[in-house]
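A quick write-up on the structure given underneath.
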Amino acid sequence: MNVDLSRRGFLKLAGAGAVAATSLGAMGFGEAEAAVMAYVRPNKLTATTETRNTCPYCSVACGVILYSKGDRTQGEVAELIHVEGDADHPTNRGTLCPKGSALKDFVRSETRLTEPKIRRPGSDRFEPITWEEALDRIARAMKDDRDANLVTVNDAGTPVNRWTTTGFLAASATTNETAWATFKVVRGIGIVGFDNQARV
Ligand code: SF4
0 MNVDLSRRGF LKLAGAGAVA ATSLGAMGFG EAEAAVMAYV RPNKLTATTE TRNTCPYCSV
60 ACGVILYSKG DRTQGEVAEL IHVEGDADHP TNRGTLCPKG SALKDFVRSE TRLTEPKIRR
120 PGSDRFEPIT WEEALDRIAR AMKDDRDANL VTVNDAGTPV NRWTTTGFLA ASATTNETAW
180 ATFKVVRGIG IVGFDNQARV
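Letter by letter, the sequence shown follows residues 0 to 199 in numbering that gives the first Met the number 0.
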């Protein structure tokens, strides 16, 4: 809708608006702002701890910021309350796809695996074990298998040092440096089957 407003008409209108605003203030509406503020929800990220991490879902490896409440130095349990993309991360610059955006539910899921488990021979169920025991068992099994199956030379007598009976899965939720060190260790001991990805 076009309004034909002359300069004189505009000044009259502006003057009326100013009078109305002044009158509202005189009637006590200056406190309206305080009243509105009383209903404004406090920022939920106030007094949270920010922790930078990497989304574990895919090889894009987007940077995330985890916001948790609870001061662990005071014996409190840290509780994750919010996850968002890391605007300073060179990969995603603050963005996250729907999977990454839902990371909080993954972290807080009651069915999330948080400790190593073992299914012992003959058993029909997994039972929790300590990390020490788990790592000792893995190291023992790897050593025994490598001693028994490492192929040091091929049919032509050329040294190859292939270890094909054990594979290694690593996650992409690491820095480049960690991934590089993992690659060097795995290839250094002869493992051929190796995937450094987040599908694990
Ligand atoms: S946020 Fe999405 S694209 Fe980024 S690493 Fe996670 S799953 Fe991959």
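For each residue, glycine too, the CB sits at the ideal point set by N, CA and C. Bear in mind that the values here come from a model prediction, so they are computed numbers and not experimental data.
Remark: C-beta atoms of R136 and F125 do not approach each other more closely than 8 angstroms. Per DSSP, reduced to three states, the secondary structure at R139 is helical.
Contact check for V191 against R161 passes: the beta carbons are separated by less than 8 angstroms. Annotation: M141 to T45 spans about 47 angstroms, alpha carbon to alpha carbon. Partner residues in the beta bridge of Y66, as assigned by DSSP, are E49, H81.
For F182, the enclosing alpha helix (DSSP H) starts and ends at 175-187.
Three or more Cβ pairs closer than 8 angstroms define a contact, and the segment 88-96 falls short of that threshold against the segment 65-75.
Using a 10 angstroms sphere on the CB of P41, the tally of other CB atoms stays under 16, which defines it as exposed. Minimum Cα-Cα distance from P89 among the listed residues A60, I188, L79 corresponds to A60. The Cβ atoms of V63 and G84 sit closer than 8 angstroms to each other.
With 6 angstroms as the limit, the residues whose C-beta approaches any heavy atom of the ligand SF4 more closely are C54, Y56, C57, V59, A60, C61, N91, L95, C96, K98, G99, in sequence along the chain. One alpha carbon belongs to Q196, the other to P127, and they sit about 25 angstroms apart. For the beta strand (DSSP E) assignment, the uninterrupted runs of no fewer than 3 residues enclosed by the segment 113-160 are, from N- to C-terminal side, 150-152. Counted as a single uninterrupted DSSP element, the stretch harbouring L102 is not any beta strand (DSSP E) but the alpha helix (DSSP H) occupying residues 102-107.
Rounded to whole angstroms, the Cβ separation of A133 and P115 is 4 angstroms, and the two are in contact under 8 angstroms. If you draw a 10 Å sphere on the C-beta of L102, you find 16 or more other C-beta atoms in it, and that means buried. DSSP places A169 in the uninterrupted beta strand (DSSP E) bounded by 167-169.
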